[in-house]
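Reading through the C-alpha cells given below for one structure.
Residue numbers (our numbering), protein chains in the order written: chain A, 319 to 675; chain B, 6 to 283.
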C-alpha cells in the first residue's frame, strides 16, 4: 500500500499531488510530457526530495517533511524502470540484474542464480552473458524489468516503460507486462502519456495536468465520466460543462452551457453537470437537418483527420460554438464533399448526450 | 568574383602551411637534435653508467609512488568535485588546478616554507625528530604537488561525464553512494581516470624545479633524471643527452599510448583534442 502526498516547486513549475495504490494494484498516472509525471516518480523513489509532504509504503514512512524523515533511495526497497532503462553498459545482462541483490549483500553465486531465474521468468534467460548494447529495445525492457523486480520491491515505479519500443514489440510487450504486473505483490505506479496504456494497465487511473491531478478514479468510472477536457480528449469524446435548467416529458432535460443550450438525456440530478457527446452520435449536413435531432450547431469544418486503425472512420473537427468533434465514415465525407472551411450543420439527438454530476 | 575569392583561398592555404611548418620546426628541431646528436651505441653506454642507472631507478620509484599517492588522495577529491554541488566549489577547483600553472620553483619555496625546519608542518614533524626536506620523500612530495592537477582534472571530467541516469539506477537498486561509486561510477569513468594517472605520472617523471629547491640534488637520494640531465650539462654532455633521450621516449610513449587507447586526457579548459572520439 502506497500513500503519498507531495509538493515540489521548481522554477515556475509546481507539482502538488496525492496518490494511493493498494498492494498488488497498478496506479497509472497519465498526462502530457511536462505535466510532472517523471518528477512524481523521482519524488517517490527518493531521487529528489519534496518540498513538503509525506510518503509511506506498507506503514513505513519514507519521507515526512514535518518529521524530518527522508529515507535515501537505496534504503527504500523500490524497483525503478527509467524511460530508457539505464542498463549499466559495462556489466553483462546477468550482472545488471544481479546488481540489486549483490548490493543487498548476497554472495556472487547466489545473486547470479537469482538473476538467471528472474531473466528466465521474463523469457530472456539466454541473454544473461550479453552486454546491454547488443540487445534490442524489447529485450532491454525485459532485462530492466527483471532487474527492478528481482529485489522484491515494496513499490515498483515504471516511467513510460513502453515508449522506447517500436510499435511491433510494444504490442507484444504490453501483454507480457500486464501479466507480470498482475503477479506482483507490491503496488505499482506506472506513468505514461498514452491513453491506451492507461486503460490497459490502470486499475486506477490518475490524470495529471500541469502538476496537479485533475481526475482520479477506477478505469471504468474514468471512461464513463470524464471530468476534464484532457481526459475527454484522451477518450475522444466532446466534453462540456453546464447547469441543468429544466426538464420536459419524455426523459429530455435542458442544460445551459457557456456556449448555448443543449437538450440532453435527463440525468435525474439537478445543478452543475458534465455533458459528453459521443462523436459518433453527431450527424453532419450542409443544410439544416429536417429530422428529430434537438441539438443543431452551425459552423465551419476545421480539420479532417482519418481515425486509425479502423480506416473507414474519419474525425472532423468543427468550428462550432461549442467546438465539437464528429466521427463519420469516409463515404459520408465523400458524399457531402466535406473540406476544411466548408460550413456545415452538426446535429445530434438528446438521447445521444450524456449528462452527469 | 570567383577569381578573387580563389586567389584569397590560395593565400589562406599558404599562410596556414607556413604557420604549421614554423611550429613543427620549433617543436621538432630541438627534439631531432637530441636524437641525432649522439650515436645510439654511445647513448646506450651512457645510460648504463652507475650514476645514470641510479637516477633512473630513483625517478621510476618516486614517480610511481607519487602517482599512487595522487590517485589515492585525488580520486576522493575528484568524486566530490564531480558529484557534489557545494558552496565554494569554484574556488576549490582553482586551488586544485593552481600547481598546473604555478612556476615549479614557487611550489618548491612553498614546500620548503611548509615542511622546512621553521615551517608550519615542519615544526610539528620536528617534535618527532622527522625532517622532510632533502630526502627521497621530499622528491615524492614535490612530484605530488605539481602533478596532482593533471590527475584531478581528468578524473573529475571523466566522473562528471558519466550519465546521471546510471547513478540514479544504482541508487534505486540498493546501492549506497560507496557501492555505486565502486561498481558503477568508477568503472564507467575508468578510461579518464587511467589517462589522468598516466598524465600525472609523466608530469612527475619530468619534475625539476620544485624538486631541486625542496629536495636538493643528492645523487642516489634526490637526484632524479631531470636533475641528472641538468648536472650532466655542466660535466658530461653525452650523459645529459642520453638521459634526455630516455625521458623523451618515455613521455612520447605515454602520450602515444593514451592516443592509441582512443582517449585523450580530458582537461576541461582545453576541451577534448580532435580524434579523441569513442
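A virtual CB, placed ideally from N, CA and C, is assigned to each residue, including glycine.
Keep in mind that this is a model prediction, so the values were computed, not measured.
Beta-carbon spacing of residue i, residue j below 9 Å
i              : j              : result
residue 521(A) : residue 536(A) : yes
residue 181(B) : residue 390(A) : yes
residue 591(A) : residue 562(A) : yes
residue 498(A) : residue 467(A) : yes
residue 624(A) : residue 578(A) : no
residue 65(B)  : residue 246(B) : no
residue 84(B)  : residue 186(B) : yes
residue 465(A) : residue 190(B) : no
residue 37(B)  : residue 225(B) : no
Other residues of its chain near residue i: CB distance less than 6 Å, five sequence neighbours each side excluded
i              : result
residue 279(B) : In this prediction, residue 279(B) has a pLDDT of 34, which is less than 50 and means its spatial position is unreliable; what the coordinates show is noted afterwards. Correct list: empty, nothing qualifies.
residue 274(B) : In this prediction, residue 274(B) has a pLDDT of 37, which is less than 50 and means its spatial position is unreliable; what the coordinates show is noted afterwards. Closer than 6 Å at the Cβ level, and outside the excluded window around residue 274(B), lies no residue.
residue 346(A) : 508, 516, 519, 520 and 523
residue 282(B) : Legend: pLDDT at residue 282(B) = 33, less than 50; position of this residue unreliable, value from coordinates given subsequently. Counting only Cβ-Cβ distances below 6 Å, and skipping sequence neighbours, we find nothing.
residue 606(A) : 663
residue 63(B)  : 229
residue 161(B) : 83, 86 and 87
Close beta carbons around residue i, own chain, < 8 Å, minus the five adjacent residues each side
i              : result
residue 599(A) : 666, 667, 670 and 671
residue 10(B)  : none
residue 117(B) : 124, 138, 218 and 219
residue 285(B) : The structure shown does not extend to residue 285(B), since chain B is modelled only from 6 to 283, so the question has no answer here.
residue 588(A) : 562
residue 286(A) : A query on residue 286(A) cannot be resolved here, the shown segment of chain A reaching from 319 to 675 and no further.
Below-9 Å beta-carbon distance, residue i vs any chain A residue
i              : result
residue 180(B) : yes
residue 198(B) : no
residue 234(B) : no
residue 274(B) : Residue confidence for residue 274(B) is low, a pLDDT of 37 falling below 50, so the modelled location carries little weight; the figure read from the coordinates is stated next. Taking Cβ atoms only, chain A never reaches closer than 9 Å to residue 274(B), which makes this a no.
residue 160(B) : no
residue 84(B)  : no
residue 80(B)  : no
residue 177(B) : yes
residue 282(B) : At residue 282(B), the pLDDT of 33 sits below 50, so the modelled position is not reliable; the number obtained from the coordinates is stated separately. Residue 282(B) does not count as touching chain A.
residue 231(B) : no
residue 192(B) : yes
CA nearest to the CA of residue i, picked from the options
i              : options                           : result
residue 241(B) : 266(B), 139(B), 192(B) and 47(B)  : 47(B)
residue 459(A) : 483(A), 578(A), 631(A) and 452(A) : 483(A)
residue 512(A) : 500(A), 526(A) and 464(A)         : 526(A)
residue 329(A) : 673(A), 447(A) and 529(A)         : 529(A)
residue 399(A) : 556(A), 372(A), 641(A) and 414(A) : 414(A)
residue 409(A) : 446(A), 590(A) and 394(A)         : 446(A)
residue 332(A) : 339(A), 352(A) and 499(A)         : 352(A)
residue 349(A) : 609(A), 571(A), 486(A) and 532(A) : 532(A)
residue 632(A) : 650(A), 588(A), 639(A) and 638(A) : 650(A)
residue 617(A) : 609(A), 610(A), 461(A) and 636(A) : 636(A)
residue 581(A) : 657(A), 554(A) and 610(A)         : 610(A)
residue 213(B) : 29(B), 87(B), 111(B) and 197(B)   : 111(B)
residue 644(A) : 557(A), 395(A), 339(A) and 589(A) : 557(A)
residue 342(A) : 541(A), 473(A) and 675(A)         : 473(A)
Proximity test, Cβ basis, 9 Å: residue i and chain B
i              : result
residue 380(A) : no
residue 355(A) : no
residue 373(A) : no
residue 430(A) : no
residue 393(A) : yes
residue 434(A) : no
residue 396(A) : yes
residue 364(A) : yes
residue 408(A) : yes
residue 640(A) : no
residue 516(A) : no
residue 405(A) : yes
residue 502(A) : no
residue 469(A) : yes
residue 437(A) : no
Beta-carbon contacts of residue i that lie in its chain and below 7 Å, excluding the five residues immediately before and after
i              : result
residue 655(A) : none
residue 359(A) : 475, 477, 507 and 509
residue 334(A) : 325, 529 and 530
residue 608(A) : none
Q.
When you compare the region 435-442 of chain A with the region 395-409 of chain A, are there three or more beta-carbon pairs, one atom per stretch, that lie closer than 8 Å?
A. no
Q) Is the region 68-84 of chain B touching the region 194-202 of chain B, taking contact as three or more C-beta pairs under 8 Å? A) yes
Q) Are the region 541-553 of chain A and the region 382-391 of chain A in contact at 8 Å, needing three or more beta carbon pairs? A) no
Q.
Tell me whether the region 597-613 of chain A and the region 9-21 of chain B touch, counting them as touching only if at least three CB pairs, one residue from each stretch, are closer than 8 Å.
A. no
Q) So does the region 63-71 of chain B actually touch the region 205-223 of chain B, counting three or more Cβ pairs closer than 8 Å? A) yes
Q) Are the region 552-569 of chain A and the region 366-380 of chain A touching by the rule of at least three beta carbon pairs closer than 8 Å? A) no
Q. Are there three or more Cβ pairs, one per stretch, closer than 8 Å when the region 245-260 of chain B is compared with the region 85-92 of chain B?
A. no
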